[in-house]
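Notes for the one structure printed next.
Protein chains: 2
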Amino acid sequence: MTYCAGILLNEGVIFASDSRTHAGVDNFAKFCKMTVFERAGDRFIVMLSSGNLAGTQAVIGILKQRGDAGDGSPSVWTARTMFDVAITVSNAMRDVDHRDGAYLAESDLTFNASFILGGQINGEPMRLFRLYAEGNFIEAGLDTPYLQTGETKYGKPILDRVVTPATSPADAIKCVMVSFDSTLRSNLSVGMPIDLLCYKKDSLQVTMRRRFEESDPYFVELCDAWGEGIRTVFRQLPELQW
Amino acid sequence: MTYCAGILLNEGVIFASDSRTHAGVDNFAKFCKMTVFERAGDRFIVMLSSGNLAGTQAVIGILKQRGDAGDGSPSVWTARTMFDVAITVSNAMRDVDHRDGAYLAESDLTFNASFILGGQINGEPMRLFRLYAEGNFIEAGLDTPYLQTGETKYGKPILDRVVTPATSPADAIKCVMVSFDSTLRSNLSVGMPIDLLCYKKDSLQVTMRRRFEESDPYFVELCDAWGEGIRTVFRQLPELQW
Numbered sequence: 398m399t400y401c402a403g404i405l406l407n408e409g410v411i412f413a414s415d416s417r418t419h420a421g422v423d424n425f426a427k428f429c430k431m432t433v434f435e436r437a438g439d440r441f442i443v444m445l446s447s448g449n450l451a452g453t454q455a456v457i458g459i460l461k462q463r464g465d466a467g468d469g470s471p472s473v474w475t476a477r478t479m480f481d482v483a484i485t486v487s488n489a490m491r492d493v494d495h496r497d498g499a500y501l502a503e504s505d506l507t508f509n510a511s512f513i514l515g516g517q518i519n520g521e522p523m524r525l526f527r528l529y530a531e532g533n534f535i536e537a538g539l540d541t542p543y544l545q546t547g548e549t550k551y552g553k554p555i556l557d558r559v560v561t562p563a564t565s566p567a568d569a570i571k572c573v574m575v576s577f578d579s580t581l582r583s584n585l586s587v588g589m590p591i592d593l594l595c596y597k598k599d600s601l602q603v604t605m606r607r608r609f610e611e612s613d614p615y616f617v618e619l620c621d622a623w624g625e626g627i628r629t630v631f632r633q634l635p636e637l638q639w
Numbered sequence: 398m399t400y401c402a403g404i405l406l407n408e409g410v411i412f413a414s415d416s417r418t419h420a421g422v423d424n425f426a427k428f429c430k431m432t433v434f435e436r437a438g439d440r441f442i443v444m445l446s447s448g449n450l451a452g453t454q455a456v457i458g459i460l461k462q463r464g465d466a467g468d469g470s471p472s473v474w475t476a477r478t479m480f481d482v483a484i485t486v487s488n489a490m491r492d493v494d495h496r497d498g499a500y501l502a503e504s505d506l507t508f509n510a511s512f513i514l515g516g517q518i519n520g521e522p523m524r525l526f527r528l529y530a531e532g533n534f535i536e537a538g539l540d541t542p543y544l545q546t547g548e549t550k551y552g553k554p555i556l557d558r559v560v561t562p563a564t565s566p567a568d569a570i571k572c573v574m575v576s577f578d579s580t581l582r583s584n585l586s587v588g589m590p591i592d593l594l595c596y597k598k599d600s601l602q603v604t605m606r607r608r609f610e611e612s613d614p615y616f617v618e619l620c621d622a623w624g625e626g627i628r629t630v631f632r633q634l635p636e637l638q639w
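Keeping their order, the protein sequence lines are chains A and B.
Quick note: the first sequence uses the numbering used here, first residue 398, plus one each step.
Quick note: the second sequence uses the numbering used here, first residue 398, plus one each step.
Below, the structure is given as structure tokens:
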């Protein structure tokens with residue numbers, strides 16, 4: 398399993414992903430699921446991967462190779478808008494599915510890669526998408542400013558209660574880290590480290606990216622403060638009178 | 398979908414269930430999913446139902462009819478221990494599956510009823526079980542004092558953070574109501590009213606049972622206080638320094 402989340406704010410976009418991959422409890426490993434395509438001043442694009450690792454790596458590999466071709470053919474570097482970037486990723490996904498699908502089907506498997514994709518191209522607004530394994534996609538908006546993939550349920554209530562487009566990046570970061578804490582506690586197939594990236598609107602480059610390892614002092618402090626805080630809120634909640 | 402939860406505390410057992418049944422978003426209804434078998438001073442047994450309504454009602458119907466027979470044959474009224482009650486329920490589930498299973502299979506359906514079962518028989522400890530559709534079951538214990546069925550994920554983090562066997566019934570009630578609030582917000586197929594029952598250890602009768610309708614003043618107050626409280630905790634959490 399995996400847990401990835403992207404939040405589209407008025408002031409920027411937050412991306413976070415866990416790092417655990419597994420094919421059974423006796424076969425798990427650590428892989429970074431966050432990929433950045435950055436050309437400072439021109440475009441800043443982030444992809445968060447979930448699903449079968451061979452599938453997601455193949456898609457990323459194709460996107461990089463096509464981008465490196467440098468012959469002006471369609472790629473993440475030549476796309477005019479973030480919508481066109483989403484189409485480019487979708488095409489790569491379908492190419493991988495076309496190549497691998499029939500072979501996976503022989504083992505009753507399917508191509509199941511999916512992605513959160515977001516960022517900004519110079520002169521365009523920030524945008525955030527979720528691409529499904531079929532290559533179709535949805536876009537975050539004012540009513541639903543965040544998108545998740547993987548093990549989404551444990552960490553969703555806290556996002557629902559806190560996040561709006563007007564939320565500050567600092568608060569959204571706290572919220573997404575608490576959302577990860579709830580998910581990590583409940584699903585062993587989601588694991589540290591957490592990769593976190595905060596893109597600031599119109600910066601067109603990354604200034605804030607950080608990896609949180611198991612014993613990261615900030616993450617430990619945050620989770621302790623959160624746990625203690627909600628137990629305090631609990632004590633103050635009104636008791637039911639029968 | 399459904400959401401049901403049972404919590405085994407040192408001082409008693411808490412039971413809660415939602416009331417929505419649905420076979421598609423255009424076909425939903427309200428049914429109480431909480432069934433009580435009570436003989437004051439002798440035994441107090443609660444069942445929370447989830448799964449296909451025809452299946453759960455059939456099981457409850459059989460348990461009631463067999464109990465009414467009054468000829469001393471095995472029933473919820475003659476079982477010596479809560480473990481034997483669980484066996485009695487399991488047998489009824491398998492009988493329904495035996496009768497209906499082949500017909501359901503013709504429509505690619507399966508018998509999918511499952512139950513949370515708990516209570517106390519005079520002279521015995523309080524016990525809490527979760528019965529799977531196959532009729533096998535697990536029992537709550539010191540390490541995991543609560544059991545859920547249905548849409549379990551949204552409401553689980555808060556139970557994990559608050560509930561231990563030593564939690565007071567008053568706090569556990571607050572917790573389970575917040576757990577329901579989180580679930581109701583995230584899954585439309587879980588719906589009000591909520592049936593809540595608090596069994597007090599060795600009372601062998603019900604004194605605290607209440608139904609919370611949509612606009613119940615206590616539930617509204619609790620949810621508002623909780624939402625406001627966690628937003629306050631949020632504001633006080635340490636900010637990440639980059």
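Even for Gly, the Cβ is constructed at its ideal location relative to N, Cα and C.
Computed from a predicted model, the values in this text were never measured in an experiment.
Between the options, which lies nearest to residue i when the distance is taken from Cα to Cα?
i	options	result
leucine 506 (chain B)	B:Ser416, B:Phe616, B:Leu450, B:Leu460	B:Leu450
isoleucine 442 (chain A)	A:Gln454, A:Pro554, A:Leu525	A:Leu525
aspartate 621 (chain B)	A:Asp497, A:Trp623, A:Phe631	A:Phe631
isoleucine 411 (chain A)	A:Gly467, A:Ile591, A:Glu548	A:Ile591
glutamine 545 (chain B)	B:Thr561, B:Gly532, B:Leu528	B:Leu528
leucine 539 (chain B)	B:Glu548, B:Lys427, B:Asn519, B:Thr561	B:Thr561
methionine 604 (chain A)	A:Arg417, A:Glu611, A:Ile484, A:Gly438	The amino acid occupying residue 604 (chain A) in the given sequence is threonine; methionine does not appear at that position. Per the Cα distances, A:Gly438.
threonine 418 (chain A)	A:Thr453, A:Val493, A:Glu521	A:Thr453
glycine 409 (chain B)	B:Met523, B:Lys427, B:Ile518	B:Met523
arginine 440 (chain A)	A:Ser416, A:Ser414, A:Ser472	A:Ser472
isoleucine 627 (chain A)	B:Val433, B:Arg463, B:Val575	B:Val575
arginine 463 (chain B)	B:Met479, B:Ile513, B:Asp492	B:Asp492
serine 612 (chain B)	B:Asp578, B:Gln517, B:Gly403	B:Asp578
lysine 427 (chain A)	A:Leu460, A:Val573, A:Pro566, A:Met398	A:Met398
glycine 515 (chain A)	A:Ser583, A:Val587, A:Glu610, A:Leu601	A:Leu601
threonine 541 (chain A)	A:Gly469, A:Gly532, A:Arg558	A:Arg558
valine 433 (chain B)	B:Gly458, B:Gly448, B:Ala420	B:Gly458
threonine 629 (chain A)	B:Cys572, B:Met589, B:Trp639	B:Cys572
glutamine 638 (chain B)	A:Trp623, A:Arg606, A:Glu636	A:Arg606
threonine 478 (chain B)	B:Leu445, B:Met444, B:Gly520	B:Gly520
serine 583 (chain B)	A:Thr580, A:Cys595, A:Lys550	A:Lys550
glycine 448 (chain B)	B:Gly624, B:Phe616, B:Glu636, B:Val587	B:Val587
alanine 537 (chain B)	B:Tyr615, B:Gly552, B:Ile513, B:Ser487	B:Ile513
alanine 455 (chain B)	B:Glu618, B:Tyr596, B:Ser511, B:Cys595	B:Ser511
isoleucine 570 (chain B)	A:Ile570, A:Leu634, A:Ile535, A:Cys401	A:Leu634
cysteine 429 (chain A)	A:Phe616, A:Asp599, A:Leu594, A:Trp623	A:Leu594
serine 565 (chain A)	A:Gly469, A:Lys553, A:Lys597	A:Lys597
leucine 405 (chain B)	B:Thr485, B:Ala563, B:Ala499, B:Glu435	B:Ala563
glycine 547 (chain A)	A:Ile535, A:Phe508, A:Thr580, A:Ala489	A:Thr580
glycine 498 (chain A)	A:Asp599, A:Ala489, A:Phe508	A:Phe508
Residue i bridges to which residues according to DSSP?
i	result
serine 565 (chain A)	Serine 565 (chain A) pairs with nothing; no bridge assigned.
glutamate 435 (chain B)	B:Phe441
serine 447 (chain A)	A:Ser511
tyrosine 615 (chain A)	Its beta-bridge partners do not exist; DSSP assigns none.
isoleucine 459 (chain A)	According to DSSP, isoleucine 459 (chain A) bridges with nothing at all.
methionine 605 (chain A)	A:Cys595
threonine 485 (chain B)	None; threonine 485 (chain B) has no bridge partner.
lysine 427 (chain B)	B:Arg417
phenylalanine 412 (chain B)	B:Gly403, B:Leu594
glycine 516 (chain B)	B:Ile442, B:Arg524
By the criterion of Cβ-Cβ separation under 9 Å, what are the contact partners of residue i in chain B?
i	result
glycine 626 (chain A)	Gly626, Ile627, Thr629, Val630, Phe631, Gln633, Leu634
serine 583 (chain A)	Lys550, Lys553, Pro554, Asp557
Who are the neighbours of residue i on chain A, taking C-beta pairs under 7 Å?
i	result
alanine 622 (chain B)	Leu634, Pro635
Taking C-beta pairs closer than 8 Å, name the residues in chain B that residue i reaches, listed in chain order.
i	result
arginine 608 (chain A)	Those do not exist, as arginine 608 (chain A) stays about 13 Å from chain B at its closest Cβ, beyond 8 Å.
methionine 605 (chain A)	Trp639
tyrosine 615 (chain A)	Pro635, Leu637, Gln638
What residues from chain A crowd round residue i, counting only those whose CB sits closer than 9 Å?
i	result
leucine 619 (chain B)	Leu634, Pro635, Leu637
Can you list, in chain order, the stretches of the beta strand (DSSP E) that have 3 or more residues and sit fully within the region 524–584 of chain A? 524–528, 534–536, 543–547
What residues in the region 563–579 of chain A bring their beta carbon closer than 9 Å to a beta carbon of chain B? Ala567, Asp568, Ile570, Lys571, Cys572, Met574, Val575, Asp578, Ser579
Relative to chain A, which residues along the region 475–486 of chain B have a C-beta separation below 8 Å, given in chain order? none
Interface positions of the region 540–559 of chain B facing chain A (Cβ-Cβ less than 7 Å), listed along the chain: Lys550, Tyr551, Lys553, Pro554, Asp557, Arg558, Val559
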